[in-house]
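Residue numbers (the numbering used here): 567 to 1083.
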Amino acid sequence: MTTTTSGTSHETPAPWWKEAVFYQIYPRSFADGDGDGVGDLAGIIERVPYIASLGVDAIWLSPVFTSPMHDFGYDVADYCDIDPVFGTLADMDRLIACCHEHGLRITLDWVPNHTSLLHEWFVESRSSRDSPKRDWYVWRDPGPDGGPPNNWRAEFGDMPTWTFDETTGQYYLHVFLPEQPDLNWHHPDVEAAMHDTLRFWLDRGVDGFRADVVHLIGKDPALADLPDGPGKALTTIDEPATHRMLRGIRTVLDSYEHEPMMVGEVCLFRPGQAASYLGDGSPDGEGDELHLAFDFRATYARWEAERFGRTIDAIQRDAVEYDSWPTWALSNHDLPRHRERYGSGDRARAAAVMLLTQRATPYLYAGEELGLPDAVIPPEAVVDPGGRDGCRAPIPWAVDAPHGWGEPTWLPFVDDAGSHAPDGEIGSSMTDLYRRLLQLRRTRPVLRLGDQQQIETDGTVVAWSRTFGGDELRIAVNFGSEPVPIALDGRIVEGSHRNDVAFDGVLQPDEAVIVGS
Ligand code: GLC
567 MTTTTSGTSH
577 ETPAPWWKEA
587 VFYQIYPRSF
597 ADGDGDGVGD
607 LAGIIERVPY
617 IASLGVDAIW
627 LSPVFTSPMH
637 DFGYDVADYC
647 DIDPVFGTLA
657 DMDRLIACCH
667 EHGLRITLDW
677 VPNHTSLLHE
687 WFVESRSSRD
697 SPKRDWYVWR
707 DPGPDGGPPN
717 NWRAEFGDMP
727 TWTFDETTGQ
737 YYLHVFLPEQ
747 PDLNWHHPDV
757 EAAMHDTLRF
767 WLDRGVDGFR
777 ADVVHLIGKD
787 PALADLPDGP
797 GKALTTIDEP
807 ATHRMLRGIR
817 TVLDSYEHEP
827 MMVGEVCLFR
837 PGQAASYLGD
847 GSPDGEGDEL
857 HLAFDFRATY
867 ARWEAERFGR
877 TIDAIQRDAV
887 EYDSWPTWAL
897 SNHDLPRHRE
907 RYGSGDRARA
917 AAVMLLTQRA
927 TPYLYAGEEL
937 GLPDAVIPPE
947 AVVDPGGRDG
957 CRAPIPWAVD
967 APHGWGEPTW
977 LPFVDDAGSH
987 APDGEIGSSM
997 TDLYRRLLQL
1007 RRTRPVLRLG
1017 DQQQIETDGT
1027 VVAWSRTFGG
1037 DELRIAVNFG
1047 SEPVPIALDG
1057 RIVEGSHRND
1067 VAFDGVLQPD
1077 EAVIVGS
């Protein structure tokens, strides 16, 4: 296996978001405060002490804004209000205050590329070709054959990214659902209005944003056909204009003293492509665009030493080559959970060790600390147009049904849900592991900021070291089904299956250890 060194020790204090561990909450599925079977802000507020007790530093809250819920909140009808399903603005203010009282930062999910078709901007825009807001969205005449203006295909459903509007005789663009029309960020009033939505929340005290598919905002107005034939715009659009727009967004964020941050969902996968959205050139040596960009490579890797060895190495190599700070995540609201993908609780335990020992900002997806798999969704219970219901099952808070929720819940629970509750057999042992790992990350700067170097290994083990000042920890994960001898001297400081014992030189199947002193 190859060897990489990454990073340099920090001489100045690192910004908070480099040292933080984020915890993603999918609000419909997290906790039900009013007993209607759908999660809400009151439910989250009740659980803030639990979240803080895990030892995470910040929350990413998936959208809670006014929405007709065609994409469960990723279709926003009002960026500056809360959907009644979730509560009120006053509840949001309470949640922000409650997080801060418990030492947690809170970041919101900002959806800049598209609105709901019920947003008043779009209602106005589609009302007539002469509407003052016509150009706030992307309208085009039919193509030469009378069909869609180009060959882009939408993300959901087998359809073009264009819907014909009978009233005004033009097509509008939607990279996702027809209910999610794309904004035209080239219009200065759109840019200004979207900046105002950021200020609205920053003024209320939020600590930053996760920016949904943010690489899409600067589309080339030519909207040319994809050269290789019909295909997905989502993973191809990579335009210089977006960088100018991101610098504008950064200026808004930087005008606040509490150091708000933005992590972007950038769905571009060539080496260095996502890192280029961090920009460069600011006087403090940080970039001048996004603070962080998600890295999805680890979410695509199968539970195999070769795959994860390459992935861990590549993420650290790119961090050096592109002078960027990486992110790490194994699950989110768009993918089968990693407990499901890897197929066993033991692997999920080893994965927790792997995730929380990377030189990167880790993102956890609520429920992974309870060892949740995906729910089995019968056809009649399917609600998501993108087939992602399984990873959005309600979090079981109590061992006994209905697990702290009103019934019926909007999606079914996972099988054997009670055992995954924080007091259940699986849930309690997994949360204990996450708490210990998060505590170690807090107390040992080496895990947050230390250099990372891959250690040569054979067979099914992947290992790396972290060093910072005089401190060193070595991490090893056995992806195989046989015990493997490995020469690491020291104590198992933490591990997926044992801790605080001398390492006996043999790594058991699906075991991960952190060895040091
Ligand atoms: C992002 C979100 C996803 C959503 C899509 C459209 O990929 O993560 O949940 O459906 O954007 O907003």
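Glycine is no exception: its CB is placed at the ideal position from the N, C-alpha and C atoms.
Of all alpha-carbon atoms in Val1027, Ile1052 and Ser1031, the one lying nearest the alpha-carbon of Phe1045 is that of Val1027. Within the DSSP bridge table, the entry for Ala859 names Gly830 as partners. Sequence-distant partners of Arg1057 (beyond 5 residues in either direction) whose C-beta falls short of 8 Å from its own C-beta, in its chain, are Asp1066, Val1067, Ala1068, Phe1069, Val1081, Gly1082 and Ser1083. Using a Cβ-Cβ distance cut-off of 8 Å, the stretch 831-841 and the stretch 773-792 are in contact, since at least three pairs of beta carbons, one from each stretch, lie closer than that value. The C-beta distance from Phe631 to Asp644 rounds to 6 Å, short enough to fall under 8 Å. Look at Phe742: its beta carbon is less than 7 Å from one of the heavy atoms in the ligand GLC. Taking C-beta atoms as the reference points, Glu906 and Asp940 count as a pair closer than 8 Å. Counting C-beta pairs closer than 8 Å gives three or more between the stretch 1031-1045 and the stretch 1072-1079, which meets the contact rule. Each residue's CA atom was taken as its position, placing Phe1034 and Ala926 some 14 Å apart. Considered as a whole, the stretch 927-979 harbours 927-931 as its complete beta strand (DSSP E) runs of no fewer than 3 residues, in chain order.
For Val779, the CB falls within less than 7 Å of some heavy atom of the ligand GLC. If you look at Trp1030, you'll find it isn't in any alpha helix (DSSP H); it sits in the beta strand (DSSP E) that goes Val1027 to Phe1034. Between the alpha carbons of Ile815 and Asp762 lies a gap of roughly 10 Å. Taking a contact to require three or more Cβ pairs closer than 8 Å, the stretch 669-679 and the stretch 714-733 do not qualify as touching.
Per the Cβ contact rule, the stretch 1018-1026 is not in contact with the stretch 949-959 (fewer than 3 Cβ pairs under 8 Å). Between the ligand GLC and His685, a heavy atom-to-CB distance of less than 7 Å is absent. At least 8 Å separates the beta-carbon of Gly601 from that of Pro593. The three-state reading of DSSP puts Ile672 in strand, counting E and B together.
Remark: the shortest separation between the CB of Glu831 and any heavy atom of the ligand GLC falls under 7 Å. The ligand GLC has a heavy atom closer than 7 Å to the beta-carbon of Val677. The Cβ atoms of Ser633 and Asp623 lie no closer than 8 Å to each other. Taking 7 Å as the cut-off, one finds no heavy atom of the ligand GLC near enough to the beta carbon of His636.
In this structure, Glu721 and Lys798 form a Cβ contact; the two beta carbons are roughly 7 Å apart against a cut-off of 8 Å. When Leu819, Ser842, Tyr703 and Ile591 are compared, the shortest CA-CA separation from Asp861 is found for Ser842. The beta carbons of Ile611 and Leu661 sit closer together than 8 Å. With a 10 Å radius around the Cβ and a threshold of 16 neighbouring Cβ atoms, Phe766 comes out exposed. Residue ranges of uninterrupted alpha helix (DSSP H) with 4 or more members, entirely inside the stretch 628-697 and ordered along the chain, are 655-667 and 686-691. When C-alpha distances from Pro928 are compared across Leu936, Ala917, Met658 and Glu1038, the shortest belongs to Ala917. Gly952 has its Cβ nearer than 7 Å to a heavy atom of the ligand GLC. The beta carbon of Tyr640 sits closer than 7 Å to at least one heavy atom of the ligand GLC.
At a cut-off of 7 Å, the beta-carbon of Asp900 counts as near the ligand GLC: some heavy atom of the ligand is closer than that. For Arg1057, the secondary structure class from DSSP, reduced to helix, strand or coil, is strand. Nearest to Pro974 by alpha-carbon distance, out of Pro892, Thr923 and Gly603, is Gly603.
In the assembly as shown, Pro988 is a buried residue. Its beta-carbon has 16 or more other beta-carbons within 10 Å. Its Cα nearest to that of Val772, the residue Trp626 stands out among Val886, Ala807, Trp626 and His680.
Contact annotation: Arg1007 and Gln1018 have beta-carbon atoms that are not nearer than 8 Å.
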